[in-house]
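Below: one structure, written as structure tokens.
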């Protein structure tokens, strides 16, 4: 049972990390789509918002995935460090959703939303890396594995 939980958690960390990379790409797409649409004529707020619809939707899916990961980590009795990292990710994800919504009314919050996204990216990458590399045999260096020839 624990092996299956660890495998599921490993897959979830990977899917989450890829979703976060896609999320960053969607933010860029929304911004540059707005610039593109503004060239021929003034752009409407609705046009700008529609460029970010996929970004917003995926953001909520990511937060739900973070919650699912926390449940898997907790129910599966994974290491306390993993549970804490996922809990931290979930907190950052909820804060990110709040910042994104608040930024529409207070644009000065926008940079905090972007910086928080970097923290989410880094923490998700760290978690995925640790999950995939734990309990793996360490590779021996080539110098240690090759015989040393004494020249006398």
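In this note's numbering, the protein residues as written are 181 to 332.
We put the beta carbon where it would ideally sit given N, CA and C, even for glycine.
- Membership of residue 201 in the alpha helix (DSSP H) is indicated by the continuous run 182 to 218.
- One alpha carbon belongs to residue 305, the other to residue 222, and they sit about 39 Å apart.
- In the structure shown, the three-state DSSP call for residue 284 is helix.
- Boundaries cannot be given for residue 221, as no alpha helix (DSSP H) includes it and DSSP labels it neither H nor E.
- Along the length of the stretch 254 to 305, whole alpha helix (DSSP H) runs at least 4 residues long occupy 260 to 285, reported in chain order.
- Rounded to the nearest whole angstrom, the CA to CA distance from residue 191 to residue 295 is 26 Å.
- Between the stretch 266 to 274 and the stretch 238 to 247 there are three or more C-beta pairs closer than 8 Å, enough to call the two in contact.
- In the assembly as shown, residue 260 is an exposed residue. Its beta-carbon has fewer than 16 other beta-carbons within 10 Å.
- CA-to-CA, the gap between residue 233 and residue 257 works out to about 36 Å.
- Excluding five sequence positions before and after residue 200, the CB atoms of its chain that fall closer than 7 Å to its own CB belong to 242, 300, 301, 304, given in chain order.
- The beta carbon of residue 274 sits closer than 8 Å to the beta carbons of 243 from its chain, once the five residues preceding and following it are set aside; these are given in chain order.
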